[in-house]
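Structure record follows, encoded as structure tokens.
Residue numbers (my numbering): 929 to 1084.
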């Protein structure tokens, strides 16, 4: 696991975050967070999946992808976790059942974050978390902002 601060330039980050946290990007309801049948929900915007771009906003993450030096992009999606009165620590999950790399790019600073085993990585704007996402990990929502926003990237 690695954490990198100020991952992309200030300008690229402002371009990306101003759109991702705006009313211009459509987010879609997902009726589970970690696995089918859980009682939790969140919203996502798919940027890349099934070997192709899925969004006209894909180009906004190119500076992030370039810095990761990805050979094969598997999936990229924006997550929007609505705020609640108390932090919800969602169930453990893996992203794909095979060896691959995972990256969580934090779009806003809030009191939510990512759990990997017993280590909590807080959401800090323009922070990148790199980890083995075929190992169990957990996400949270937040209580101090309207939503917690991040980009989840899976790659080889």
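The C-beta atom is built at its ideal place from N, Cα and C for all residues, glycine as well.
Neighbourhood of residue i by C-beta distance below 6 angstroms, restricted to the same chain and skipping five residues each side
i: residue 932; result: 1056
i: residue 1072; result: 1038 and 1039
i: residue 1067; result: 1018 and 1042
i: residue 1050; result: 1041
i: residue 944; result: 988
Supposed contact pair residue j and residue i - C-beta distance, whole angstroms, cut 8 angstroms
i: residue 1022; j: residue 1069; result: Not really, about 20 angstroms apart at Cβ, beyond 8 angstroms.
i: residue 1030; j: residue 1082; result: 6 angstroms
Residue j beta carbon less than 9 angstroms from that of residue i
i: residue 1032; j: residue 1009; result: no
i: residue 1079; j: residue 1004; result: yes
i: residue 974; j: residue 956; result: yes
i: residue 976; j: residue 982; result: yes
i: residue 1047; j: residue 929; result: yes
i: residue 872; j: residue 958; result: The displayed coordinates of the chain run from 929 to 1084. Any statement about residue 872 would go beyond what the structure contains.
i: residue 1045; j: residue 1025; result: no
i: residue 1084; j: residue 999; result: yes
i: residue 992; j: residue 935; result: yes
i: residue 1011; j: residue 1074; result: yes
Close Cβ partners of residue i (< 7 angstroms) along its chain, the five nearest in sequence each way excluded
i: residue 949; result: 1035, 1036 and 1077
i: residue 963; result: 1019 and 1021
Per DSSP, the bridge partner or partners of residue i
i: residue 1082; result: 1003 and 1030
i: residue 1073; result: Partner(s): none; residue 1073 has no beta bridge.
i: residue 1057; result: 931 and 1032
i: residue 1049; result: 1042
i: residue 1067; result: 1042
i: residue 956; result: 972
Own chain residues within Cβ distance below 8 angstroms of residue i, not counting five before or after
i: residue 1053; result: 941, 945, 1034, 1035, 1036 and 1037
TODO: Counting only runs of 3+ residues fully inside the segment 958-1036, write out the beta strand (DSSP E) ranges in chain order.
DONE: 970-977, 1001-1010 and 1029-1034
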